[in-house]
Structures are given as structure tokens and as C-alpha cells.
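Visitor: Numbering follows our numbering, in which position 90 of the sequence shown is assigned residue number 223; successive positions increment by one, without gaps.
Just so you know, even glycine gets a beta-carbon here, dropped at the ideal spot from N, CA and C.
What you are looking at is a predicted structure, and each value in this text was computed from that prediction instead of being measured.
Shown below is the structure under consideration.
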Amino acid sequence: MQGVTVVDHPLVQHKLTIMRSKETSTAGFRRLLREISLLLGYEVTRNLELTTKTIETPLTSMEAPTLEGKKLVFASVLRAGNGLLEGLLDLVPAARVAHIGLYRDHETLQAVEYFFKAPSDLADRLIIIVDPMLATANSAIAAVEMLKARGATNMRFLCLLAAPEGIERFTRAHPDVPVFTAAIDDHLNELGYIVPGLGDAGDRMYGTK
Ligand code: PRP
Ligand code: URA
Numbered sequence: 134m135q136g137v138t139v140v141d142h143p144l145v146q147h148k149l150t151i152m153r154s155k156e157t158s159t160a161g162f163r164r165l166l167r168e169i170s171l172l173l174g175y176e177v178t179r180n181l182e183l184t185t186k187t188i189e190t191p192l193t194s195m196e197a198p199t200l201e202g203k204k205l206v207f208a209s210v211l212r213a214g215n216g217l218l219e220g221l222l223d224l225v226p227a228a229r230v231a232h233i234g235l236y237r238d239h240e241t242l243q244a245v246e247y248f249f250k251a252p253s254d255l256a257d258r259l260i261i262i263v264d265p266m267l268a269t270a271n272s273a274i275a276a277v278e279m280l281k282a283r284g285a286t287n288m289r290f291l292c293l294l295a296a297p298e299g300i301e302r303f304t305r306a307h308p309d310v311p312v313f314t315a316a317i318d319d320h321l322n323e324l325g326y327i328v329p330g331l332g333d334a335g336d337r338m339y340g341t342k
């Protein structure tokens, strides 16, 4: 599928299976989401641009690779995005963070905005938007629109699970934003949940059901 990368690493798939199980506890779910974010983060940052700088090792000087450009931004779609964010910040501790408050209206499935805070110079940075679930894609499409409205041009969207319907809608709305996911599930049900899925990611992370 054009613009979509499925991260099929065996550790990712194994951890995802445990997360899907309804027997997995809140603590287990949260820990696994953090662990899996490290593996997904490895893939989503795989082709970051490198430059070199001169350093002194204890033996000699060398031209050594280092990340080029401004610090990247992780944009977390609240609440559940924070589960991916924590692990990603372990991987890239100097990254900047944007918080995008969106919730799905359970009747209409439309994304409702309630918070936005991001670095001011979004135009100069790579932004990795993180949210475990891409269902109807209303939230993801809105998040990208909010970032684009503030100047963002270089974005990637990282999730854990996607519905085929959501991928279709998202890539049509924002063909310039590549998607990284651990799995594409079967379908969305009539309530907008991903099937077989893992349930409500925010509720499972925070024990709010
Ligand atoms: C969940 C999830 C996504 C959204 C995906 O959030 O974390 O943001 O649903 O669904 P969509 O693709 O149909 O928009 P939710 O709105 O439940 O908020 P929460 O993270 O605060 O629980
Ligand atoms: N949001 C979730 O948390 N889970 C779904 O299955 C769909 C949207």
C-alpha cells in the first residue's frame, strides 16, 4: 500500500498480541505500549538524515555521523498518544514535544479539539505524530490539519493498529504524510472500533473503563 509501512518485526507482533488480549492488565498494557514504541520508533526514524561532525576519540580525531537538522518533534494525540510518546522520548531524549488534545464524539465519531501546544517553528522540523489507533482517521486527519495550519510540512504518522477504512481515508486526505503501523486489522465495526483490535486504547492504558 502506497505510503504505508507495516512494521512486521517478530517482537512487535508478539507484544501486540499480548496487548490485544482482554486478559492483559492495565499495568501490562502500559508497559508493553512503552516497549513497543521503542521498536516502532526505530523504524519510523530509520531514514533520518545524517551529517558528520569532527570529534576526538581517546585515540584520534574523526568525522563521525550525527543527526542533521533541527531536533525532531513528537506530536502526541491525547490521551493514548502519550503511551507511545514515553518510549519515543527514551529513544530521542532531545526531541521536542507537541500535545494535541482530541477526543472522538461517541455519537458522530468526529474529532473534537480541546488542546494544542507545540513548538513555534514547526515549519523547520520533522514531526512524528503518535497515536496508537487509526480507526475512522478523523482524529489523525484533524491532527495533521492542525499542524499544517501552523506551518508543518514534514510529517509522519505512527500508530499501533489501523483499520483499512482509516488508512484509505487518511492517505487520501494527506498523501504527503507516510503512515507507520504494526498491523492493519480487518474492519471497523458500526461503533467505529477496530476489529479484532484491542478495544479503547486510552481506557486500557489508564484503566478508565
Ligand atoms: C482514540 C485513539 C485515537 C482515536 C482514533 O482516542 O487514541 O485518537 O480514538 O479514532 P478515529 O481514527 O476514529 O478518530 P479517543 O477519542 O478515544 O480519546 P482518548 O485517547 O482520550 O481515549
Ligand atoms: N479508538 C480506540 O481506542 N480503539 C478503537 O478500536 C477505535 C478508536
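Go ahead and label residue 179 buried or exposed: buried means 16 or more other beta carbons lie within 10 angstroms of its beta carbon, across all protein chains shown.
Guide: Stepping through the sequence shown from its first residue, residue 179 is reached at position 46. Exposed, since its Cβ has fewer than 16 Cβ neighbours within 10 Å.
Visitor: Kindly provide the chain-ordered list of residues whose Cβ lies closer than 5 Å to any non-hydrogen atom of the ligand ATP.
Guide: With respect to small molecules bound, the structure shown includes the ligand PRP and the ligand URA and not the ligand ATP.
Visitor: Label residue 258 either buried or exposed according to how many other C-beta atoms from any shown protein chain fall within 10 Å of its C-beta, with 16 as the threshold for buried.
Guide: To locate residue 258, count along the sequence shown from 1; it is residue 125. Under this definition residue 258 is a buried residue.
Visitor: DSSP puts residue 289 in a beta bridge; with which residues?
Guide: Numbered from its first residue, the sequence shown carries residue 289 at position 156. Answer by DSSP bridge pairing, in chain order: 261.
Visitor: Can we say the stretch 232-239 touches the stretch 294-307, given the rule of at least three CB pairs closer than 8 Å?
Guide: No, the stretch 232-239 does not touch the stretch 294-307.
Visitor: Curious, which full-length alpha helix (DSSP H) runs of at least 4 residues does the stretch 219-282 contain?
Guide: Correct list: 271-282.
Visitor: Can you tell me whether DSSP reads residue 147 as helix, strand or coil?
Guide: Numbered from 1 along the sequence shown, position 14 holds the residue referred to as residue 147. Here residue 147 sits in helix by DSSP.
Visitor: For residue 162, collect the residues of the same chain with a Cβ closer than 7 Å to its Cβ; drop the 5 residues on either side in sequence, then sort them by chain order.
Guide: As a first step, residue 162 must be located in the sequence shown, where it is residue number 29. So the qualifying residues of the chain are 152, 337 and 338.
Visitor: By DSSP, does residue 341 sit in helix, in strand, or in coil?
Guide: For the purposes of this step, residue 341 is taken as residue 208 along the sequence shown, with counting starting at 1. Here residue 341 sits in coil by DSSP.
Visitor: Smallest Cα separation from residue 319: which of 330, 241 and 200?
Guide: Within the sequence shown, the letter at position 186 stands for residue 319. Closest by alpha carbon: 330.
Visitor: Do residue 229 and residue 210 have their CB atoms nearer than 8 Å?
Guide: Position 96 of the sequence shown holds residue 229. Position 77 of the sequence shown holds residue 210. It is not a contact, given that the beta carbons lie outside the stated cut-off.
Visitor: Quick one: which unbroken beta strand (DSSP E) runs of 3-plus residues sit fully inside the stretch 173-211? Chain order, please.
Guide: Listed in chain order, the complete beta strand (DSSP E) runs (minimum 3 residues) inside the stretch 173-211 are 183-189, 194-200 and 206-211.
Visitor: So which of 271, 327, 174 and 256 has the shortest CA-CA distance to residue 216?
Guide: Position 83 of the sequence shown, counted from the start, is the residue given in the question as residue 216. Minimum Cα distance to residue 216 is reached at 174.
Visitor: What are the start and end residues of the alpha helix (DSSP H) that includes residue 304?
Guide: Counted from its first residue, the sequence shown places residue 304 at position 171. Start and end: 297-306.
Visitor: Using the DSSP secondary-structure output, state which residues sit across from residue 139 in a beta bridge.
Guide: To locate residue 139, count along the sequence shown from 1; it is residue 6. 314, per the DSSP bridge assignment.
Visitor: Within this structure, are the beta carbons of residue 332 and residue 269 separated by less than 8 Å?
Guide: Numbered from its first residue, the sequence shown carries residue 332 at position 199. Numbered from its first residue, the sequence shown carries residue 269 at position 136. No, the Cβ-Cβ distance between residue 332 and residue 269 is not below 8 Å.
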